[in-house]
Amino acid sequence: MPHDDLQSDFDALAPGASDGTRRGALRLMLGAGYAAAAAPLMAQDAIRTPADGLVAGEVHIDAPQGFKLPAYRAAPAGRKDLPVVLVIQEIFGVHEYIADTCRRLAHAGYLAIAPELFARQGDPMEYGELARLMSELVAKVPDTQVLADLDACLRWAGSNGGDTAKAAITGFCWGGRITWLYAAHGPVKAGVAWYGRLVGKQDDMTPRNPIDVAAQLKAPVLGLYGGDDSGIPLDTVEKMKAALAKGTPAARASEFVVYPEAPHAFHADYRASFRKQPAEDGWKRMLEWFKRHGVR
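So in the UniProt record's numbering, spot 267 of the sequence shown is number 267, and the numbers just go up one at a time.
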């Protein structure tokens, strides 16, 4: 996806606001649940899911090295032994759109947890420029740290009303890539990756890409991709399919759905890239995928 488009999306989190104002407002939303005061921060057609009947808000999870990992969680109030969904952020962090996604999943009967996976390195809301966000924060977050933090989230879920034998993961953009990696690493039964990058550079922080672990998947993944995504060429989807076909039973059970005219981030309802039909269809397919693979 072109950087100027991503910059516009970043600005759309709080049009006209300073970095500090944006960060404060988003933190307020996460701590207090959905509020009318949040409306100016959102696109006009952004989905706004109430927290009625839910327990929702920020928690802190015991993570490696004694770190208290902040996370947003939402779950049906008064229920136990809930299936668990890890919700993985975009590069912009755990803001209102990600929190709302958790509430939607909670209303569907899940304990949804969205950890702030950049928290050790910094806060994405403190960056007003995409280039700085990518080079000074995102590029410094190692995959090994992310996977270990997700393990910690599952442990927390098991002690806080979740049934970790029925766990899944879903993620968007940056989080879509992490979804593939965690399906090869962690104890989940299913994954749904929304337009996550499949190939790319390798370095100490990101030593492997989804295509490198495709054959080792422990859980089947449903990939939801846009045919008009300028940042993820369709030939990489075809390469991923070929790699999956040579792998474990979970790898071979993985599937792709490509929406021909959808751009990158077609599920992100606060962005101009939002496309209602593929977003709704993808959401329906995600819930069906979880149910098919025992996460319900």
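We put the beta carbon where it would ideally sit given N, CA and C, even for glycine.
- Inter-residue distance for G57 and G122 is about 20 Å (C-alpha atoms, whole angstroms).
- Distance from V199 to A219 at the Cβ level is roughly 21 Å; contact not present, criterion being Cβ atoms closer than 8 Å.
- Annotated three-state conformation of V188 is coil, per DSSP.
- Nearest neighbour of W283 by Cα position, chosen from K239, C102, P142, turns out to be C102.
- Burial state of D235 is exposed, judged by a 10 Å Cβ sphere holding fewer than 16 other Cβ atoms.
- Boundaries for F274: no alpha helix (DSSP H) harbours it, and the DSSP string shows neither H nor E there.
- As a beta-bridge residue in DSSP terms, F172 pairs with W194.
- At the C-beta level, E116 and L69 come within 8 Å of one another.
- Contact between the stretch 256 to 272 and the stretch 221 to 229 is present, with at least three C-beta pairs closer than 8 Å.
- Residue environment analysis places P50 among the exposed positions, since fewer than 16 neighbouring C-beta atoms fall within 10 angstroms of its C-beta.
- By the Cβ-count criterion, H60 is exposed, with fewer than 16 other Cβ atoms from all chains shown falling within 10 Å of its own Cβ.
- Between the alpha carbons of E280 and A165 lies a distance of about 27 Å.
- Runs of the beta strand (DSSP E) spanning 3 or more residues and lying entirely within the stretch 218 to 260 occur at 221 to 226, 255 to 259, in chain order.
- The three-state secondary structure of H267, taken from DSSP, is coil.
- Inter-segment contact for the stretch 82 to 89 and the stretch 150 to 169 is present: three or more beta-carbon pairs are separated by less than 8 Å.
- Within the DSSP bridge table, the entry for Y127 names no partner.
- Sorting L137, M240, F290 by C-alpha distance to the C-alpha of F92 places L137 at the top.
- Secondary structure of L287 (DSSP, three-state): helix.
- Distance from the Cα of S273 is smallest, within the candidate group V258, D229, V295, A119, for D229.
- The Cβ-Cβ distance between L111 and A157 falls below 8 Å.
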